[in-house]
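Quick note, the sequences are listed as chains A and B, same order. Its first residue numbered 4, the first sequence is counted upward by one per residue in my numbering. Its first residue numbered 4, the second sequence is counted upward by one per residue in my numbering. Just so you know, even glycine gets a beta-carbon here, dropped at the ideal spot from N, CA and C.
There are 2 protein chains.
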Amino acid sequence: MNNIYDNEEFFESYSQMARSQKGLDGAGEWQTLKDLLPDFKGKRVLDLGCGYGWHCLYAADHGAASVVGVDLSEKMLEVARKKNTFSNITYLQASIDEVTFEAESFDIVISSLAIHYIADFGKLAKNIAQWLVPEGQLIFSVEHPIFTAEGSQDWSYDEAGKIAHFPVDNYFYEGKRTAHFLGSDVTKYHRTLTTYLDNLLTNGFQIKRIVEPMPPENMLDIPGMQDEMRRPMMLIVKAEKE
Amino acid sequence: MNNIYDNEEFFESYSQMARSQKGLDGAGEWQTLKDLLPDFKGKRVLDLGCGYGWHCLYAADHGAASVVGVDLSEKMLEVARKKNTFSNITYLQASIDEVTFEAESFDIVISSLAIHYIADFGKLAKNIAQWLVPEGQLIFSVEHPIFTAEGSQDWSYDEAGKIAHFPVDNYFYEGKRTAHFLGSDVTKYHRTLTTYLDNLLTNGFQIKRIVEPMPPENMLDIPGMQDEMRRPMMLIVKAEKE
């Protein structure tokens, strides 16, 4: 599997984004995600698609017993090992749809904006269910199915070049989409909301919360952020293993 | 509250639709909804926005102890009382956001495509939670938040007049929307997915299923039905009172 984050130019552009520069506080959805996180104290935590490791460090800072961060991109992990290191954080280079752990290895699994890169969510949900202890928590954010459906991930514009609305298309045709992001073609996988949730429910999860994060008040003056009131860009799901 | 279904012309047009003529089997989402319905045997059932009473009769036919169908439209109830009558079905003319029942009066509450006419879902969810017994079931369909967001409920067309995509706009601005349907202006209320689910969760419901019904195979040759693969038009939620 080829990883876009190991592409030099893409990586360079990504590293300039607010969410890369400022860490968690640079991400518009962080406040919403944070409110859904469980108490990390004494817990064994797995972060799938950990990137720079901001969430790993957050878990460690909040008392996690141990944290494993998995990412396919060696470039991302290099930064993580420098910037967000801590005695009980282990960074592991692996694809999140191929990595394996023993049953009941974790109390909490988190994943931030990584799962839409995975073709087979059913397989991943089944794996996570095995890795978690009973009553273990899964909290993940993904690009919203409405945001991934059409594929371009761009607005529709009127003749004057102003945003007209956001286009939805091919919603029930799931699968690969190629969007242009930070100057590169990025492959993602579109799934319906139904598919996300059914794969959790059939693998023994209870749905605890489903939240579409809104742009936070204090970021509305950032260019483009006000427009994010017009479409749901992300989905955060909190589920508990039965 | 003014009811569009008591408008002569609108009612006439509505009564010509497949879902009005053929009953449950004329509705594209019926198969999906049916699969989510619990066993009605011996249960006390409430149908909010019962319309012609097709679902009331279905519940009665499947062994419900009693069924109460509530609808604001006297015209709809007239048809219900003629077409879908049964000894233990009671039809009640009332607004579903004003009707009241005693606590724990029902085992099952159903509602088909009615709740998007209600301004305050929080109040309704709280009421339903009171009317249901512990472990009571709520199953309802609504127009999908993606379908209600922009307001026109119409596709975007290209210059040749062909469907280009479905427009989403103003997603996080909830409230009144006016769409043109069957020749009349119809007022509905847009709410995000988050708002629907949070109002259930905070009122003591567990989310059991969330399904976006796809057009059924055997209806894909009906004009326009194939296009319904391109957008999610409805949302079905199954929840259980704790």
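(Q) What does the Cβ neighbour count give for A:Met-20, buried or exposed, with the cut at 16 atoms within 10 Å? (A) As a first step, residue 20 of chain A must be located in the first sequence, where it is residue number 17. Classification of A:Met-20: exposed, given that the 10 Å Cβ count is below 16.
Q: Mind checking which residues open and close the beta strand (DSSP E) that includes A:Val-102?
A: Here residue 102 of chain A corresponds to residue number 99 of the first sequence, with the count starting at 1. Here A:Val-102 belongs to no beta strand (DSSP E), and DSSP marks it neither H nor E.
Q: Report the option in A:Thr-93, A:Met-79, A:Phe-143 whose CA atom is closest to the CA atom of A:Leu-36.
A: As a position in the first sequence, residue 36 of chain A is number 33, starting the count at 1. Considering only alpha carbons, the answer is A:Phe-143.
Q: Can you tell me which of the three DSSP states B:Glu-153 falls into?
A: Here residue 153 of chain B is taken as the residue at index 150 of the second sequence, counted from 1. B:Glu-153: coil per DSSP, three-state reduction.
Q. Given a limit of 8 angstroms on CB to CB distance, which residues of the segment 163-194 of chain A reach chain B?
A. Ala-167, His-168, Phe-169, Pro-170, Val-171, Asp-172, Asn-173, Tyr-174, Phe-175, Tyr-176
Q | Any non-hydrogen atom of the ligand PLP closer than 6 angstroms to B:Phe-143 Cβ | A | What this structure holds is no ligand at all, so the ligand PLP is not there to describe.
Q: Please check if any C-beta of chain B sits within less than 7 angstroms of the C-beta of A:Val-214.
A: By 1-based counting over the first sequence, the position of residue 214 of chain A is 211. Judged by the 7 angstroms Cβ criterion, A:Val-214 is in contact with chain B.
Q | Cutoff 7 angstroms: A:Leu-200 Cβ touching any chain B Cβ | A | Counting from 1 along the first sequence, the entry for residue 200 of chain A is found at position 197. It does: the Cβ of A:Leu-200 has a partner Cβ on chain B nearer than 7 angstroms.
Q. Roughly how many angstroms lie between the CA atoms of B:Glu-101 and B:Leu-75, to the nearest whole one?
A. The residue given as residue 101 of chain B occupies position 98 in the second sequence. The residue given as residue 75 of chain B occupies position 72 in the second sequence. C-alpha separation (whole angstroms): 10 angstroms.
(Q) List, in chain order, every chain A residue whose beta-carbon is nearer than 8 angstroms to that of B:Ser-144. (A) Position 141 of the second sequence, counted from the first residue, corresponds to residue 144 of chain B. Near B:Ser-144 there are no residues of chain A at all, since even the closest Cβ is about 13 angstroms away, more than 8 angstroms.
Q. Which residue's Cα is closest to the Cα of B:Ala-113: B:Glu-81, B:Leu-40, B:Leu-200?
A. One-based indexing of the second sequence puts residue 113 of chain B at position 110. A small correction: the amino acid at residue 113 of chain B is Ile; Ala does not occupy that position in the sequence shown. When each option's Cα is compared against that of B:Ile-113, the closest is B:Leu-40.
Q.
Quick check on B:Tyr-55: buried or exposed, where buried means 16 or more other Cβ atoms within 10 Å of its Cβ?
A. Against the second sequence, residue 55 of chain B aligns to sequence position 52. When all chains shown are included, B:Tyr-55 counts as buried.
Q: Work out the CA separation of B:Tyr-192 and B:Met-4 for me, nearest whole Å.
A: Within the second sequence, the letter at position 1 stands for residue 4 of chain B. Within the second sequence, the letter at position 189 stands for residue 192 of chain B. Confidence is the limiting factor: at B:Met-4 the pLDDT is only 47, short of 50, which leaves the residue's position unreliable, though a coordinate-based value still follows. The straight-line gap from Cα to Cα measures roughly 14 angstroms.
Q: Reducing DSSP to helix, strand and coil, say where A:Tyr-160 ends up.
A: Reading the first sequence from its first residue, position 157 is the one you call residue 160 of chain A. Strand, per DSSP.
**Q.** B:Arg-22 versus B:Phe-175 - alpha carbon distance
**A.** Numbered from 1 along the second sequence, position 19 holds the residue referred to as residue 22 of chain B. Numbered from 1 along the second sequence, position 172 holds the residue referred to as residue 175 of chain B. One C-alpha to the other measures close to 31 angstroms.
Q: Can you have a look at B:Lys-44 and say buried or exposed, based on whether 16 or more other CB atoms are within 10 angstroms of its CB?
A: By one-based count along the second sequence, residue 44 of chain B stands at place 41. Answer is exposed; the Cβ neighbour count stays below 16.
Q) If you drop the 5 nearest sequence neighbours on each side, which residues of the same chain put their C-beta closer than 8 angstroms to that of A:Asn-91? A) Taking the first residue of the first sequence as position 1, residue 91 of chain A is located at position 88. Hits under 8 angstroms: Ala-63, Ala-67, Ala-68, Ser-69, Val-70.
Q. Should the segment 124-137 of chain B be called in touch with the segment 156-168 of chain B, which here means at least 3 C-beta pairs below 8 angstroms?
A. no
Q: Please decide whether B:Met-217 counts as near chain A, where near means a Cβ-Cβ distance under 7 angstroms.
A: Residue 217 of chain B sits at position 214 when you count from the first residue of the second sequence. B:Met-217 counts as touching chain A.
Q) Does the count of Cβ pairs from the segment 198-217 of chain A and the segment 194-211 of chain B closer than 8 angstroms reach three? A) yes
Q: Name, please, each residue of chain A whose Cβ falls closer than 7 angstroms to the Cβ of B:Leu-196.
A: Here the question's residue 196 of chain B lines up with position 193 in the second sequence. In chain order: Ile-213, Glu-215.
**Q.** Where A:Gly-72 sits in the DSSP three-state scheme
**A.** Taking the first sequence and counting its residues from 1, the one referred to as residue 72 of chain A is at position 69. Strand.
**Q.** Cβ-based burial, A:Ala-117 [other Cβ within 10 Å; buried from 16]
**A.** Residue 117 of chain A sits at position 114 when you count from the first residue of the first sequence. A:Ala-117 should be labelled buried.
Q) What does B:Met-274 touch in chain A if you count any residue whose Cβ is under 8 angstroms from its own? A) For chain B, the structure presents residues 4 to 245; residue 274 of chain B sits outside this window and is missing.
**Q.** Candidates A:Ala-106, A:Gln-156, A:Trp-57, of which the one nearest A:Met-236 by Cα
**A.** As a working mapping, residue 236 of chain A is identified with position 233 in the first sequence. The residue with the shortest Cα to Cα distance from A:Met-236 is A:Gln-156.
Q | Within chain A, the residues that B:Ser-159 reaches when beta carbons sit closer than 9 angstroms | A | Numbered from its first residue, the second sequence carries residue 159 of chain B at position 156. Those within 9 angstroms of B:Ser-159 in chain A are Ser-159, Ala-167, His-168, Pro-170.
Q. Is A:Gly-26 near A:Asp-50, with beta carbons less than 7 angstroms apart?
A. As a position in the first sequence, residue 26 of chain A is number 23, starting the count at 1. As a position in the first sequence, residue 50 of chain A is number 47, starting the count at 1. Not a contact, by the Cβ cut-off of 7 angstroms.
Q: Give every residue of the same chain whose Cβ lies closer than 7 angstroms to the Cβ of B:Lys-126, excluding the five residues on either side of it in the sequence, and list them in chain order.
A: In the second sequence, the residue the question calls residue 126 of chain B occupies position 123. Asp-100.
(Q) Do A:His-58 and A:Ser-115 count as a contact pair if the criterion is CB distance below 7 angstroms? (A) Your numbering for residue 115 of chain A matches position 112 in the first sequence. Your numbering for residue 58 of chain A matches position 55 in the first sequence. Yes, the pair counts as a contact, with Cβ atoms nearer than the cut-off.
Q: Could you name the residues of chain A that B:Glu-153 contacts, counting a contact when the two beta carbons are closer than 8 angstroms?
A: As a first step, residue 153 of chain B is located in the second sequence; it is residue number 150 there, counting from the start. Result: His-168.
Q) Does the beta-carbon of B:Thr-88 have 16 or more other beta-carbons within 10 angstroms, so that it is buried, or is it exposed? A) Along the second sequence, read from residue 1 onward, the residue named residue 88 of chain B stands at position 85. When all chains shown are included, B:Thr-88 counts as exposed.
**Q.** Buried versus exposed, by CB contacts within 10 Å (16 or more), A:Leu-223
**A.** The residue given as residue 223 of chain A occupies position 220 in the first sequence. Result: exposed.
Q: Quick one: give me the first and last residue of the alpha helix (DSSP H) that B:Thr-190 is part of.
A: Stepping through the second sequence from its first residue, residue 190 of chain B is reached at position 187. Note, B:Thr-190: premise wrong, no alpha helix (DSSP H); beta strand (DSSP E) at 187-193.
**Q.** Contacting residues, own chain, Cβ-Cβ under 6 angstroms from A:Lys-241 (five flanking each side not counted)
**A.** Numbered from 1 along the first sequence, position 238 holds the residue referred to as residue 241 of chain A. Closer than 6 angstroms at Cβ, skipping near neighbours: Leu-39, Ile-142, Lys-211, Arg-212.
**Q.** Cβ distance (whole Å) where A:Glu-32 is taken to contact A:Ile-239 below 8 angstroms
**A.** Taking the first residue of the first sequence as 1, we reach residue 32 of chain A at position 29. Taking the first residue of the first sequence as 1, we reach residue 239 of chain A at position 236. Contact holds; Cβ gap of about 7 angstroms.
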